[in-house]
Structure formats: C-alpha cells, structure tokens
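Some notes on the structure that comes next.
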C-alpha cells in the first residue's frame, strides 16, 4: 500500500527530519493495542542503557560519553501532532482494505498535551557513562513511554558513539587540538548531530559552517588542493595560489603544501610567502599536510620552518586520522626525532589534527548497542511490578524496577565503581558491602566504605510538569563536563587498546530481585 | 573565537540541517580568494567520482548504486543566502580581530541568483556506478563550483554507500522481502537519507513512519518485546499480549515469538491465537524471530506452523542481519532441511528480513571515498585547460578535462565496460579499440566493435538555466532503475565475496592527455 506523500512541492519533496512521527511503525501499533485494550494509561518505567562500550576491532573503548540529551528534550518539548499527521495515519490500510489505525487511537494520539505527563530522569549530558547503567529513565503512561522509544534511541545512540570516539581521539592527541572535518563523507544530515557530539567529546571546532554557527562556535578550515590546481592551470603555479591565500587572509594564513611535492615545492613556496607576509607586518599561522608519511613529513617540515625562522608555525595534519593513527604518528615522531638528535616535543607541540571520516563514522564500530527497555509497570491494583524479558543470553536480562545509580570515588578522587541499586536503597550502608557483576552470575566484589571518599547520585529530573526546560548548557560546558569526568578515570580505563574494565556493580537487593523474577518466569 | 548562535529559542536551539551554509569553512575561504583575486568567474569543471567500491573487510562490493541526486538538486534549487547568514559570516574574526570575510566577498555571496549560472550533468540516480567514473560533473564559475563541494559530497557519499549495501542485502535475500529497520541505531537525522537510499537499493519499505510518509510508502513493523513484557507483568502472560495484538490488528497480525521461549511458548501461543483469529474470519500474517539461531528456529517454526494449518504464514527474521548473515541463514536452512528430509524452499520462500543497524551504517565500510575534483578551468584567454593534482599515488591523479562516459553492453545484453573518454570523442570508431586501465599504467584491454551490442551515453543535464527541475522520479522508479541495472551485471560482478572486477577503461586520447599533463607538471 502506498499513498501520496504529505509534501509534493519541489522545495519540500524530501522533508523527513525529526517530527513527531520520527519513530518506528511498531511503536504506533503497540500504542494502539494499549489504547484499545484499556491499558495505555498504566504507569510504566523504561530504562535507556547500552550493553557494551564500542569495540573497534583492534582497540576498544573503556568508557562512553553520553550525548544527545539536549536535542532529545527539545524534541519532546516540541512534539505536536497536527491534522496532517493524523490524516496520513488514517490513510494507511491493511491489505484487506481495513484502516491500520482506528478512530479511538487517532483521537487519543491527537489529544493536546498527550506527551506532557511523563517524567524523564537522566545522567547529565557530557558525563562519562558505562555499560548496563540506566543512563536515562522514562516514567509515565505505558503508551506514551512506548511511543518515545525509537526517537529516544535515535537521539542518544549515534551522538554517544561519536562523543565517545572524539574523547578517545582527543586523548590520543595529548594536548594537540583536534578539529572536526567529517561532513563530506559523514552520514548526510546526521553529521550535524555527529559534530555536536564531537565537540562534546573535546574537538575544539568543526569545519561545517552551519553547524558551527548553530553551536555558537567559529568554524575552521584551510584550503583544498583545488585552489592550487586552479592557479597552476591558470599558469601562476603553486606559489601563485599561496600568494592569493596570503593576500586574502594575511592573519590566518595556513597553506596546504602537498599538491605538487611537499618538501621540494610546498614547504619552500610556503616559506617564501610567509617571508613576504612577515615583511608586510603579518604573522603566518602554518601549513597543512594531507597525504604521505605524515610523521616523517611533519618532522621535515618542522625543520624547514625552524630554519626559516617560523618555530611557532602550526602543522595541521589530516588524512584518515583516528586515535590509533595519531598515536602512531606521535610515536614515530619520537623515534625519528631521536634518530635525528632533535627534540620530538618541539615538533609534536605544534601539531593540530583535522579528523574527519573516521570520527564522524566511528570507524571500526559504527553503531552503539543502546536499548530502551520496559523495566516496571503499575499493575491494575496500582502496585509497581518489575518487568523482565527471559532471553537465552543472561547478560541480556534487563535490570528490573526503578533504580538509582551511585558513582563511587576512591581516596584519590578517581571514579572506581558505578553502583546500581533499587531507588529506595541507601548505598554502602555498612562498612563492608558485597556487590555483584551486572551480567555474570557469581562474580562479586567487596567495597569497603573507608576506601570511598565520595558517593555521587548520578540522575537528575530533566523533564516533568515542574521542570522549565529552557536552561541548557552551552557546548563548551558540555565539553568541560566530559573533560573533567575523563580525567577522573583511572589511566588504565583510559587506555586506547585493551582498556582496564571499569566496575559496574549491582546491590544485593537488585541482584536478588532479578534472580527471583527470572526463576518465577521460568516456572 | 565564538559568537552568539543564530537561533537561541528552545525550539530552534539545535537547528543545523542543510541550509546554504551546510558546507566546509574552507570552501568560503577559497571562494573569497577567487573573488578578491579576480578569478571567481572563470568557468571551471569539477567531477564527482569514487575511487573504489566499499570493502567490508571479509567481503567487497563489485559495484555501486548512485543515490542522493534528487535531494541534492532540491538543495541547489533552493539555495538562498539570507541577511542572517551574511551577518553570521561578517561576525567571524581572525585572532587579530580582523574580519574573516570582507565586504567584497559578502556582497558577491549575497547577490541573488548567485548559484543559477551552473550546469550539472549526472548519471541517473539509482543507476549502477563504478570506480573512477565521473558520476556527476559541475561546470560554472570557479567560486560557485567550489562552494558546492562539501554539500555535494555530503549529499552523495552516504546515500550511495547505503544504496549499494541495500542492493547487496536484497540480492542475498534471493527474492525474500527486505525491510529497513535501522533508525534506532543509525546516524541521527541521517537515517532519513539512509532510508531513502535503502529503498532505492531495493528494500520494500521502512519502519520509520515519517520517512515512509515523505517517500509515499506505507511504513511497516510488528511489535516489540515490551508488549509481551507489559502483559506478563500485568498477569496476562505472553498469550494475553498476542490476543491483544490480534484484537487490535486482526488483518495484519504478526507476533514476536521469542520473548519467553520461541518453540516451547512463543510459536504454540501464536498458533492458539491464529486459530482464534481464523475462527473469527481473519487470516494471520505471521511470526517474527529476533534472537537465537534464526535458521534453526525458522525451520522449526515453519514445521509447527505447517502442522497447525498455516503454510502461508510469513516468518520475519531480524537481529543484526546483513548480506552475509542472510546468505548464511539460507545456506543453513538448505543443509538442515536436507537433514530433516523436508523442502528448504518451502521454508525460505516464506522468509522476510528486517535489516537494521548493519544496513543503515554500512557495516564493515562506514564511508564511501567519493571526491569532487577540479579537472578543468577556462584560462584567461578563454581556453579550457585541464587541471591535475600530482600525487604520490598515481591512482589518485584525477582524469583531466571534460569527459563523456559510455556503458558498453555485450551481445548477451550484459554491461561489460564503462568507457571514459574526452567529451568530443566518438567511442569505438574502429573495429578494434585499445583502452586503458584508469589507475594502473600499462594495463590495456582490446574491445572489438562486433562484440558490443549497445553503447549507452550515461550522462544527462540535470541542472541548468534551461532545465525545469520539478519532474522527479518516484522512489519506486528509482528502485526499478537499480534492479534493472543490477540484473544487467555479470553474475561474477554481483558475487558477495571477492567479486569479479567490472571494467572501467580510458580511451587512448584521455589516457595520453593525463600522461602528458603529469609529465609537464613534473618538469
């Protein structure tokens, strides 16, 4: 079955973005079941969490960085089902010709303020997060909570994946600036959300002009090979292109030096133009290398620039960079500098990294396995009943009920455990507490109260009837949250390859509740 | 440097999508150089092409499917630089405080119809495409062509990647329907473009309601584990959930049977409810399996459904499917059916595939390496000069000049060669023609005119002052183009693993031109 698109003009002919029907069909199907069967208003409780941090094949993330909350809250705050939406749904028919959606459900859906009666609690955007921990919880009428599922997952999974990758790339750069360059090969309009996440993870800015403006940042960039090619074709050569750049942007002059030959042509021509700039009272910014052996060329270019009197000129590197490539480049520079008898730090401190495709696509692990699971429901007597799914894989049985998460810091101030318990528990009430592995039965850990310097409750209410959602953090504040949290991780957890496992544990009460429910369901 | 975002209200606080500044900063920088240096209006010629088909690690694509053209043309047709855009650009400053963009450039940019004076030629959207072949060419003022670069790449690379993956998945399903299910883990708003591409590649519809409506399709879906969990928590069990589904959608009843135990609980309960449905005059549609050994469970479920009198009930499979997993499932079903002495085709013909994450992220190869390169420029005398980039990798030297592409079909009607030549050449003028490998010097091929049944010129003009852009194909027409083209490929080129290489060749004139230009540039 198909019917006319909602939008048919040229301008609007491809308008799908993130409206109220940006969700999976089955959410509407299920909501209709709940409405027509009279259980749509039962209060329910759903958790958003992921089951494992990204595994990039040869390397793995030891932690995640949560992103996407603010755009999601903006979406929830602006949900409006219009007559056009209802009309489109009403036009859908089964192969037998009967309407897919009945009047009872469509009237329910069209009710104003349908989405207002929910409470969303969340770990703050930009914070470090770990597997199994409920990051966001939604409580409200069953059918409304259900309808939110797919859009919520869409708003959180990809941004969290990219913020996580960005935090790793930034860490590998060891203080060098990382620029986001990914829009040309990234996922269509999804690059916008990817860029926002990359900035939360620590990129200093992006090349995408529109996204940068929307985020309150200044976009960054140099020039392409095309500029040099154009001047070469017009007979003015590489140096003609460099002079044109310098004339147009004398105070921001970064020259791409690898169109012809980096060391024989590009860098010498750049130095000639830098000398002309300096003579005219301007200080050049640097050069960019986009191909070849970047470590070797960076050392060679640094030596040429030093000898010419430009020890502060930046060297921007780009070309399929990611956390491993940057790590490798810095290692090779250190080795090569030792061979040459020069100071490696004088080279690496001037490096800037333009990171594109591999960041915006999370190279090696292109999707986060975040899920949104029903974990509790108010039964017909008004009592809360935990909900579980019996799966063949014990690690996939969700944690039942309303829960709290506490982050425990040791005496060094390092975050060492995320402890998940029932909402009404008091954490670490005793001097010694036994806690449990979230997915492997029988693996326990002992926590001594004396070893813990601080207990932090991780969730805040971010959406409810009482919350004014207009105060939101800036992108720089979100990035700062991420930076602080990453710094509080053990260095072993931050390792790029084979990281030490951060402890996520269950309290005995939660652990026993899940065990009982699984046993009951299997009877 | 940063400044206030353009949009500051809650509703609009994250508005970056694909406006006229959806481009890289350096395109604006270069355009300003061209404008201020007086060469912005020189006619230039850029080619869009990719260098290799996706390599998924253990398997490789033998062809690509071009997607993204219609949304790109819509974007070009609606480019409008507003006062707010100019204001945002004017506010950007260098660290020294001088404006990044001067009045001369901003006035040029703000000129109405600035983007009208270009010609875009393209291979039709949905067609099969190959490496090195110019898929889209843009001719126009140098600065305007340059400004289009990043958005053009963003519009083409990801959709082409996903259409290619979808065509492979559809092929692996051997006639079984493939449904697009990827929005929950896909790249934020980018899933919309991914879905459109997946449908071009042959998916019959998508779970995303909004995208389906925008594309004139009916969205599809079943239900989630949450529905079963909710009824279990309310005391009505799995069968209570199934009865609720059947009552609400009696003519479209597909039941998810793996929440408790697929063969002991899910399928028997589904059959009970199917019997009740049939007694009430409705025919059930099928069941869905979302976990476990899908091949084994599909055979077992098929036998149970057959025995109960439902030989036509569909079995929808989902759970990290891609082309290899589907191929494996069908192979295992064949093996298992032989073991049981039953007919494998009776099982496989009822299968439907819900393909999500691995399609929408192009699992194994998350980005297409498409580029947009300056290949010719009108010099100051009004003559066209080919432009090249001398790179360390000979395969990366672009094909110079204005070109034509001919697709050659053999006497079976199979497409066998894409031949790239200069625009004014006559292809295969002689009985025997020697053609050249596009990136490896000295590898030649001989084409006999007698072996060729049809020569197809691949490009059409899709944007120019004379073109009315309102007539555009429907998504079904695009999918049909793809299907026809895939069918015309040699079966070896269609292999999922280690495909036979499709021939892309250069005419001798083009080959010699590039050789001469490279030699000249290296003097």
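Protein chains in written order, with my numbering: chain A, 665 to 1187; chain B, 665 to 1187. Backbone N, C-alpha and C fix where the C-beta goes; we use that ideal spot for every residue, glycine too.
**Request:** Less than 8 Å between the CB atoms is what I'm expecting for residue 927 (chain B) and residue 961 (chain B), so what's the real figure, rounded?
**Result:** Looking up residue 927 (chain B) in the second chain gives position 263. Looking up residue 961 (chain B) in the second chain gives position 297. 7 Å between Cβ atoms; contact.
**Neighbourhood of residue 1179 (chain B) by C-beta, 7 Å cutoff - its chain only, sequence neighbours within 5 removed** = Your numbering for residue 1179 (chain B) matches position 515 in the second chain. Contacts found: none.
**Message:** Going by DSSP in three states, residue 1068 (chain A) sits in which element: helix, strand or coil?
**Reply:** Translated into positions along the first chain, residue 1068 (chain A) becomes position 404. Residue state, collapsed to three classes: strand.
**Request:** Using 10 angstroms around the beta-carbon of residue 835 (chain B), count the other beta-carbons present and answer buried if the total reaches 16, otherwise exposed.
**Result:** Here residue 835 (chain B) refers to the residue found at position 171 of the second chain. Flag for residue 835 (chain B) reads buried.
**Asked** Which full runs of the alpha helix (DSSP H) of 4+ residues lie inside the stretch 696–730 of chain B, going along the chain?
**Response** The stretch 696–730 of chain B contains no whole alpha helix (DSSP H) run of 4 or more residues.
**Message:** 7 Å is my cut-off, CB to CB: does residue 688 (chain B) come that close to chain A?
**Reply:** Here residue 688 (chain B) corresponds to residue number 24 of the second chain, with the count starting at 1. Interface residue, yes.
**Request:** Might you give, ordered along the chain, the residues of its own chain that have their beta carbon closer than 7 Å to the beta carbon of residue 673 (chain A), omitting 5 neighbours on each side?
**Result:** Along the first chain, read from residue 1 onward, the residue named residue 673 (chain A) stands at position 9. Its pLDDT being 30, under 50, residue 673 (chain A) is placed unreliably by the model, and nothing is read from it.
**Asked** Mind pulling the chain C residues with CB within less than 8 Å of residue 685 (chain A)?
**Response** Chain labels in this structure do not include chain C; the protein chains are A and B.
**Message:** Which of the three DSSP states is assigned to residue 995 (chain B) in this structure?
**Reply:** By 1-based counting over the second chain, the position of residue 995 (chain B) is 331. Correct three-state label for residue 995 (chain B): helix.
**Message:** Quick check: the Cα distance between residue 1170 (chain B) and residue 1085 (chain B), rounded to an integer number of angstroms?
**Reply:** As a position in the second chain, residue 1170 (chain B) is number 506, starting the count at 1. As a position in the second chain, residue 1085 (chain B) is number 421, starting the count at 1. Each residue's Cα considered, the two are about 6 Å apart.
**Item:** Spatial distance of residue 840 (chain A) from residue 1163 (chain A) (CA atoms)
**Value:** Start at 1 with the first residue of the first chain, and residue 840 (chain A) comes out as number 176. Start at 1 with the first residue of the first chain, and residue 1163 (chain A) comes out as number 499. The straight-line gap from Cα to Cα measures roughly 22 Å.
**residue 914 (chain B) versus residue 701 (chain A): straight-line alpha-carbon distance, rounded** = What you label residue 914 (chain B) is simply residue 250 of the second chain in a count that begins at 1. What you label residue 701 (chain A) is simply residue 37 of the first chain in a count that begins at 1. One C-alpha to the other measures close to 14 Å.
**Message:** Less than 7 Å between the beta carbons of residue 689 (chain A) and residue 885 (chain B), yes or no?
**Reply:** Counting from one through the first chain, the residue named residue 689 (chain A) turns up at place 25. Counting from one through the second chain, the residue named residue 885 (chain B) turns up at place 221. Result yes, Cβ atoms of residue 689 (chain A) and residue 885 (chain B) sit closer than 7 Å.
**Prompt:** What is the DSSP secondary structure of residue 1157 (chain B), counted as helix, strand or coil?
**Reply:** For the purposes of this step, residue 1157 (chain B) is identified with residue 493 of the second chain, where counting begins at 1. If DSSP states are grouped into helix, strand and coil, residue 1157 (chain B) belongs with the helices.
**Message:** Looking at the secondary structure, which residues open and close the alpha helix (DSSP H) in which residue 1127 (chain A) lies?
**Reply:** As a first step, residue 1127 (chain A) is located in the first chain; it is residue number 463 there, counting from the start. Where residue 1127 (chain A) is concerned, there is no enclosing alpha helix (DSSP H), although the beta strand (DSSP E) around it starts and stops at 1123–1127.
**Prompt:** Hey, is residue 1168 (chain A)'s beta-carbon within less than 7 Å of any beta-carbon in chain B?
**Reply:** Working through the first chain from its first residue, we reach residue 1168 (chain A) at position 504. For residue 1168 (chain A), the answer is no, since every Cβ of chain B falls outside 7 Å of its Cβ.
**Message:** Considering Cα atoms alone, identify which of A:807, A:976, A:854 is closest to residue 1023 (chain A).
**Reply:** One-based indexing of the first chain puts residue 1023 (chain A) at position 359. Among A:807, A:976, A:854, the Cα nearest to that of residue 1023 (chain A) belongs to A:854.
**Message:** Three Cβ pairs or more, each shorter than 8 Å: is that satisfied between the stretch 804–811 of chain B and the stretch 979–999 of chain B?
**Reply:** Fewer than three Cβ pairs drawn from the stretch 804–811 of chain B and the stretch 979–999 of chain B lie within less than 8 Å of each other, which leaves the two stretches out of contact.
**Asked** If residue 1008 (chain A) and residue 997 (chain A) are in contact, beta carbons under 8 Å, what's the gap, nearest whole angstrom?
**Response** For the purposes of this step, residue 1008 (chain A) is taken as residue 344 along the first chain, with counting starting at 1. For the purposes of this step, residue 997 (chain A) is taken as residue 333 along the first chain, with counting starting at 1. Their Cβ separation, rounded to whole angstroms, is 5 Å, which keeps residue 1008 (chain A) and residue 997 (chain A) in contact under 8 Å.
**Message:** Please tell me whether residue 793 (chain B) and residue 730 (chain B) are closer than 7 Å, where the distance is taken between their beta carbons.
**Reply:** The residue given as residue 793 (chain B) occupies position 129 in the second chain. The residue given as residue 730 (chain B) occupies position 66 in the second chain. Using a Cβ distance threshold of 7 Å, residue 793 (chain B) and residue 730 (chain B) count as a contacting pair.
**Prompt:** Ends of the alpha helix (DSSP H) at residue 813 (chain A)?
**Reply:** Position 149 of the first chain, counted from the start, is the residue given in the question as residue 813 (chain A). First-last of the alpha helix (DSSP H) with residue 813 (chain A): 806–836.
**Message:** Looking at residue 821 (chain B): is its Cβ nearer than 7 Å to the Cβ of residue 847 (chain B)?
**Reply:** Here residue 821 (chain B) refers to the residue found at position 157 of the second chain. Here residue 847 (chain B) refers to the residue found at position 183 of the second chain. The answer is no: Cβ separation not under 7 Å.
**Prompt:** For residue 849 (chain B) and chain A, any beta-carbon pair shorter than 7 Å?
**Reply:** Counting from one through the second chain, the residue named residue 849 (chain B) turns up at place 185. Chain A has a Cβ within less than 7 Å of the Cβ of residue 849 (chain B).
**Top-ranked residue by Cα proximity to residue 734 (chain B), from B:959, B:1142, B:1150** = Reading the second chain from its first residue, position 70 is the one you call residue 734 (chain B). Checked all of B:959, B:1142, B:1150; the closest Cα to residue 734 (chain B) is B:1142.
**Asked** Does the pairing of the stretch 812–831 of chain B with the stretch 1096–1114 of chain B give three or more beta-carbon distances under 8 Å?
**Response** No: fewer than three Cβ pairs fall under 8 Å.
**Asked** Using the C-alpha atoms, what's the distance from residue 875 (chain A) back to residue 741 (chain A)?
**Response** As a working note, residue 741 (chain A) is residue 77 in the first chain. As a working note, residue 875 (chain A) is residue 211 in the first chain. Here the alpha carbons of residue 875 (chain A) and residue 741 (chain A) stand approximately 22 Å from one another.
**Request:** Give the secondary structure of residue 1169 (chain B) by DSSP, where H, G and I count as helix, E and B as strand, and everything else as coil.
**Result:** If you number the second chain from 1, residue 1169 (chain B) lands on position 505. Strand at residue 1169 (chain B).
**Request:** Using three-state DSSP, classify residue 942 (chain A) as helix, strand or coil.
**Result:** As a position in the first chain, residue 942 (chain A) is number 278, starting the count at 1. Residue state for residue 942 (chain A) is assigned as helix, using DSSP reduced to three classes.
**Message:** Going by DSSP in three states, residue 741 (chain B) sits in which element: helix, strand or coil?
**Reply:** By 1-based counting over the second chain, the position of residue 741 (chain B) is 77. Helix.
**Candidates B:1083, B:1167, B:706: closest to residue 1173 (chain B) by CA position** = As a first step, residue 1173 (chain B) must be located in the second chain, where it is residue number 509. It is B:1083.
**Request:** Scan the stretch 896–963 of chain B and note each continuous alpha helix (DSSP H) run of 4 residues or more that stays entirely inside, going in chain order.
**Result:** With a minimum length of 4 residues, the continuous alpha helix (DSSP H) runs that stay inside the stretch 896–963 of chain B are 901–912, 931–943.
**Asked** Can you list, in chain order, the residues of the stretch 691–713 of chain A whose Cβ is nearer than 9 Å to any Cβ on chain B?
**Response** When CB distances to chain B are screened at a threshold of 9 Å, the residues of the stretch 691–713 of chain A falling below it are 691, 692, 693, 694, 696, 697, 698, 699, 700, 701, 703, 706, 708, 710, in chain order.
**Prompt:** How far does the alpha helix (DSSP H) with residue 1139 (chain B) in it reach, from first residue to last?
**Reply:** Here residue 1139 (chain B) refers to the residue found at position 475 when the second chain is read from its first residue. That run of the alpha helix (DSSP H) goes 1139–1151.
**Request:** Using a Cβ-Cβ cut-off of 7 Å, state whether residue 923 (chain B) counts as contacting chain A.
**Result:** By one-based count along the second chain, residue 923 (chain B) stands at place 259. Closer than 7 Å: yes.
**Request:** Apply the 10 Å Cβ neighbour rule to residue 1013 (chain B) and answer buried if 16 or more other Cβ atoms are within range, or exposed otherwise.
**Result:** Stepping through the second chain from its first residue, residue 1013 (chain B) is reached at position 349. So residue 1013 (chain B) ends up on the exposed side.
**Message:** Suppose only complete runs of 4+ residues qualify. What are the alpha helix (DSSP H) ranges in the stretch 1009–1065 of chain A, listed by chain order?
**Reply:** Unbroken alpha helix (DSSP H) runs of no fewer than 4 residues, entirely contained in the stretch 1009–1065 of chain A, are found at 1021–1024, following chain order.
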